[in-house]
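Trainee: Top line first, the protein sequences correspond to chains A and B. Residue numbers for the first sequence follow the numbering used here, beginning at 12 and rising by one. Residue numbers for the second sequence follow the numbering used here, beginning at 1121 and rising by one. For each residue, glycine too, the CB sits at the ideal point set by N, CA and C. This structure is a prediction, so every number in the text was calculated from the model and none was measured. Below is a structure I'd like to ask you about.
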Amino acid sequence: MTRLHLAIAIVAGLLFANSAKAAGLLIIANPSVVSPAPLTLSQIAAIYLLRVTAWPDGSHIVPVNRDATSETRAEFTADVLQADDASLAAYWNEMHYMGKLPPVVQESEQAMLAFIRNVPGSIGYISASTAPAGVKVLAHVP
Amino acid sequence: MLVLLCLTWGLAESAARADSGYQLGHGYDLGPFNLAGYSNLVGNLPTSGTKSLALEDLSLFVTGHLGRFFNPFTEAELTDFDLVRSGPTGPDHGDGDFVLERLYNDSYLTDAATLRIGKMLTPVGEWNQIHAAPLVLTTVRPAVTERNFSEYATGVSALYSDPFSKFPDIQVYWQPASEFSERPSTITFHQYKQVEGAHVSFPIGLLDMVGVSFQQSRDVQGVDQSLFGADFHYTLGKVTLQGEGTVSALSRPPAVHIHNTEWGAYAAASYAFTDKWSAYSWYEGFGDRSSPSPADDLLFGVAYRPQPPMVFRVEYLQNFGGPPVNPTGVFASWAVLF
């Protein structure tokens, strides 16, 4: 019986993990952001790599990242930024020294949502399985 | 000074506490401004000359974002301050100097074009632009990354940077008169009155690039100087290669100069054993305008980076040819971007 429970748990875990991965990411922004949606992956990457720093209306873009241990961040880094964490950290430190602020870090999906809701110009990402309450969805990354 | 060191240590200790609102390397946000900086504590143990424990740099920089056309930036630092010293003193005495490194405003004309006005670092090679100790490869700076050209320009600059990196990054700059808040001669090799130049960088990866530089300048002695340079940064798995070379033609060598050219080149390699531990080495040849023969230096060392904004390094440099531009000896440092 114990082995059966273990097998069911493993299968259920794998199914859940696959469904979470299949859900993908939502790219979200403060409701005040005026931007043509959906954004392409290249446009999102350009924002997070600080090569685009202003929205079309001229307001400042505030990119928001999850903490380094987050699976959502790992997915975003691999699928959108296509770089490793060490290189990104070095890159963002260099950009900071050159006058461009690296992404702000939030430690949970709820903290991310709260920050995006409250800070004009901010852009972030959440798992597509999380409801994007009170924010604007700019893209869905499958 | 102890207060400043304690402050740096305290910030380092609170590094991972994101819930406090502060994260090491990100600085403090105050409305549209961000206050940040870096420190570099260095143990200098040359085989001859002054041995010291020095605060090489304590830098503070402020970034502001007030709209598309008003993005001020400034950096000031205390440099070359000996905390403990033994042996004969050098020409700069290690008493510390306050320096205005940068003071400019960026106007984002489009997503790709920026107009910069003020005092800025010149883009002669990658190292000069990111010369903060926590960001660069080694404690001892290769001479070619800071000599043979004006490191600063006070004037106007236009920058082009394609958002999608499909085209090369381009920067041109022009300094019509003397450097604003000129650094004292004890901490610079040459002082320049007029500077103009350009840098073109071909991005080949997130950090990888190949660049070429040109700079035309006139120093306070009236010597015209034309510099050509190239630099590169390339990552291959755990190995990173980087280097830079410059050559300058001098219009007329004054009495103190032996040569009418000055040149230098370094090549470096580093290997990352883990995310935190790495080993590195560089070789440099530098032909100073005032030296009868070029210097050859070889450096190797190890680095421990417990987190991206902080690094400990220990390295050994051996000069084996010509009058040294960097002394033979052991050098160790603790650098923090805060």
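#1: Which residues in chain A sit within 9 Å of residue 1154 of chain B, going by Cβ to Cβ distance?
#2: Along chain A, in chain order, which residues have C-beta atoms closer than 9 Å to that of residue 1311 of chain B?
#3: Going by other Cβ atoms of all chains shown within 10 Å of its Cβ, with 16 needed for buried, is residue 68 of chain A buried or exposed?
#4: Give the interface partners of residue 104 of chain A over in chain B, defined as CB-CB distance under 9 Å, in chain order.
#5: Looking at the C-beta of residue 1185 of chain B, does it have a partner C-beta in chain A at a distance below 9 Å?
#6: According to DSSP, is residue 93 of chain A part of a helix, a strand, or is it coil?
#7: Please work out which residues of its chain come closer than 6 Å, Cβ to Cβ, to residue 1163 of chain B, disregarding the five sequence neighbours upstream and downstream, and give them in chain order.
#8: Once you ignore the five residues that flank residue 1199 of chain B on each side, which residues in its own chain have a CB closer than 6 Å to its CB?
#9: Is it a yes or a no for the segment 83-93 of chain A touching the segment 1404-1417 of chain B, going by three-plus beta-carbon pairs under 8 Å?
#10: The beta strand (DSSP E) spanning residue 1436 of chain B covers which residue range?
#11: So, under 8 Å CB-CB, residue 1293 of chain B and residue 1316 of chain B are touching, yes? Tell me the CB distance rounded to an integer number of Å.
#12: Looking at the strands, I want to know which residues DSSP matches up with residue 150 of chain A.
#13: Just mark residue 140 of chain A as buried or exposed, buried being the case when its beta carbon has 16 or more other beta carbons within 10 Å.
#14: CB residue 37 of chain A to CB residue 143 of chain A, shorter than 9 Å?
#15: Which term fits residue 134 of chain A, buried or exposed, when burial requires 16 or more other beta carbons within 10 angstroms of its beta carbon?
#16: Hey, how far is the Cα of residue 1269 of chain B from the Cα of residue 1338 of chain B?
#17: For residue 1406 of chain B, which of helix, strand or coil comes out of DSSP?
#18: Give the interface partners of residue 65 of chain A over in chain B, defined as CB-CB distance under 8 Å, in chain order.
#19: If you drop the 5 nearest sequence neighbours on each side, which residues of the same chain put their C-beta closer than 7 Å to that of residue 1353 of chain B?
#20: Would residue 46 of chain A count as contacting chain B if we go by Cβ distances under 9 Å?
#21: Measuring straight from C-alpha to C-alpha, what distance separates residue 48 of chain A and residue 150 of chain A?
#22: Taking its Cβ as the centre, do 16 or more other Cβ atoms sit within 10 Å of residue 1121 of chain B, making it buried, or is it exposed?
#23: Would you mind sorting residue 1409 of chain B into buried or exposed? The rule is 16 or more other CB atoms within 10 Å of its CB.
#24: Can you tell me which of B:1440, B:1145, B:1443, B:1445 puts its alpha carbon nearest to the alpha carbon of residue 115 of chain A?
#25: With a cut-off of 8 Å, do at least 3 Cβ pairs link the segment 1391-1404 of chain B to the segment 1416-1423 of chain B?
#26: Can we say the segment 1255-1270 of chain B touches the segment 1433-1444 of chain B, given the rule of at least three CB pairs closer than 8 Å?
#27: Taking 8 Å as the limit between beta carbons, can you name the residues of its chain near residue 1399 of chain B, skipping five residues before and five after?
#28: I believe residue 1395 of chain B touches residue 97 of chain A by the beta-carbon criterion, under 8 Å. Please report the beta-carbon distance rounded to the nearest angstrom.
#29: Quick one: give me the first and last residue of the beta strand (DSSP E) that residue 134 of chain A is part of.
#30: Please go through the same chain and pick out, in chain order, the residues whose beta-carbon is closer than 7 Å to the beta-carbon of residue 130 of chain A, but skip the five residues on each side of it.
#31: So which residues of chain D does residue 1347 of chain B contact, with C-beta pairs closer than 9 Å?
#32: Runs of 3 residues minimum, wholly inside the segment 1181-1212 of chain B: which ones carry the beta strand (DSSP E) assignment?
#33: Let me know the secondary structure DSSP gives residue 106 of chain A once reduced to three states.
#34: Using a Cβ cut-off of 8 Å, pull out every chain A residue sitting near residue 1300 of chain B, in sequence order please.
#35: Can you give the Cα-Cα distance for residue 146 of chain A and residue 44 of chain A, rounded to whole angstroms?
#36: Within 10 Å of its beta-carbon, does residue 1458 of chain B have 16 or more other beta-carbons around it, so buried, or fewer, so exposed?
Mentor: Once the coordinates are examined:
#1: As a first step, residue 1154 of chain B is located in the second sequence; it is residue number 34 there, counting from the start. By Cβ distance, chain A contributes 107, 112.
#2: Taking the first residue of the second sequence as 1, we reach residue 1311 of chain B at position 191. Under the 9 Å cutoff, chain A gives no residues; its nearest Cβ is about 24 Å from residue 1311 of chain B.
#3: Within the first sequence, residue 68 of chain A is the residue found at index 57, counting from 1. Classification of residue 68 of chain A: exposed, given that the 10 Å Cβ count is below 16.
#4: Here residue 104 of chain A is taken as the residue at index 93 of the first sequence, counted from 1. Here the neighbours are 1145, 1250, 1252, 1254, 1255, 1428, 1429, 1457.
#5: Walking along the second sequence from the start, residue 1185 of chain B turns up at place 65. Yes, because at least one Cβ of chain A sits closer than 9 Å to the Cβ of residue 1185 of chain B.
#6: Start at 1 with the first residue of the first sequence, and residue 93 of chain A comes out as number 82. Correct three-state label for residue 93 of chain A: coil.
#7: Locating residue 1163 of chain B in the second sequence gives position 43, where the first residue counts as 1. Only 1173, 1452 meet the Cβ criterion.
#8: If you number the second sequence from 1, residue 1199 of chain B lands on position 79. The residues are 1177, 1217, 1219.
#9: They do not touch, by the three-pair rule.
#10: As a working note, residue 1436 of chain B is residue 316 in the second sequence. Taken as a continuous stretch (DSSP letters only), the beta strand (DSSP E) holding residue 1436 of chain B covers 1430-1441.
#11: For the purposes of this step, residue 1293 of chain B is identified with residue 173 of the second sequence, where counting begins at 1. For the purposes of this step, residue 1316 of chain B is identified with residue 196 of the second sequence, where counting begins at 1. 7 Å between Cβ atoms; contact.
#12: Residue numbering aside, residue 150 of chain A sits at position 139 when the first sequence is read from its first letter. According to DSSP, residue 150 of chain A bridges with A:38.
#13: Here residue 140 of chain A refers to the residue found at position 129 of the first sequence. Exposed, by the Cβ-count rule.
#14: Against the first sequence, residue 37 of chain A aligns to sequence position 26. Against the first sequence, residue 143 of chain A aligns to sequence position 132. Contact: yes.
#15: Position 123 of the first sequence, counted from the start, is the residue given in the question as residue 134 of chain A. Buried, since its Cβ has 16 or more Cβ neighbours within 10 Å.
#16: By one-based count along the second sequence, residue 1269 of chain B stands at place 149. By one-based count along the second sequence, residue 1338 of chain B stands at place 218. When rounded, the separation of the alpha-carbon atoms in residue 1269 of chain B and residue 1338 of chain B is 10 Å.
#17: Taking the second sequence and counting its residues from 1, one reaches residue 1406 of chain B at position 286. Three-state DSSP puts residue 1406 of chain B in a strand.
#18: Within the first sequence, the letter at position 54 stands for residue 65 of chain A. Chain B residues near residue 65 of chain A: 1188, 1228, 1231.
#19: Mapped onto the second sequence, residue 1353 of chain B falls at position 233. Cβ neighbours of residue 1353 of chain B within its own chain (closer than 7 Å, five residues either side excluded): 1246, 1327, 1328, 1329, 1362.
#20: The sequence position of residue 46 of chain A within the first sequence is 35, counting from 1. Put simply, the CB of residue 46 of chain A is far from chain B, with every gap to its CB atoms at 9 Å or more.
#21: Translated into the one-based positions of the first sequence, residue 48 of chain A becomes position 37. Translated into the one-based positions of the first sequence, residue 150 of chain A becomes position 139. Their Cα atoms are separated by approximately 7 Å.
#22: Counted from its first residue, the second sequence places residue 1121 of chain B at position 1. Unreliable placement is indicated for residue 1121 of chain B, whose pLDDT of 47 sits below 50; the coordinate value is still reported in the next sentence. Classification of residue 1121 of chain B: exposed, given that the 10 Å Cβ count is below 16.
#23: Residue numbering aside, residue 1409 of chain B sits at position 289 when the second sequence is read from its first letter. Note on residue 1409 of chain B: 16 or more other CB atoms within 10 angstroms of its CB, so buried under the neighbour-count rule.
#24: In the first sequence, counting from the first residue as 1, residue 115 of chain A sits at position 104. Closest by alpha carbon: B:1145.
#25: At 8 Å Cβ cutoff, the stretches touch.
#26: Yes, the segment 1255-1270 of chain B is in contact with the segment 1433-1444 of chain B.
#27: Within the second sequence, the letter at position 279 stands for residue 1399 of chain B. Correct list, in chain order: 1390, 1391, 1393, 1420, 1421, 1422, 1423.
#28: In the second sequence, residue 1395 of chain B corresponds to position 275, counting from 1. In the first sequence, residue 97 of chain A corresponds to position 86, counting from 1. Sure, about 6 Å apart at Cβ, within 8 Å.
#29: Sequence index remark: in the first sequence, residue 134 of chain A carries index 123 (1-based). For residue 134 of chain A, the enclosing beta strand (DSSP E) starts and ends at 133-138.
#30: Numbered from its first residue, the first sequence carries residue 130 of chain A at position 119. Closer than 7 Å at the Cβ level, and outside the excluded window around residue 130 of chain A, lie 41, 73.
#31: The chain labelled as chain D is not found among the protein chains of the depicted structure, namely A and B.
#32: Whole beta strand (DSSP E) segments, 3+ residues: 1191-1206.
#33: The count along the first sequence starts at 1 and reaches residue 106 of chain A at position 95. Here residue 106 of chain A sits in helix by DSSP.
#34: Along the second sequence, one-based indexing puts residue 1300 of chain B at 180. The premise fails here: residue 1300 of chain B is roughly 17 Å from chain A at the closest Cβ pair, so nothing lies under 8 Å.
#35: As a working mapping, residue 146 of chain A is identified with position 135 in the first sequence. As a working mapping, residue 44 of chain A is identified with position 33 in the first sequence. Each residue's alpha carbon lies about 10 Å from the other.
#36: As a first step, residue 1458 of chain B must be located in the second sequence, where it is residue number 338. Looking at its Cβ environment, which holds 16 or more other Cβ atoms inside 10 Å, residue 1458 of chain B is buried.
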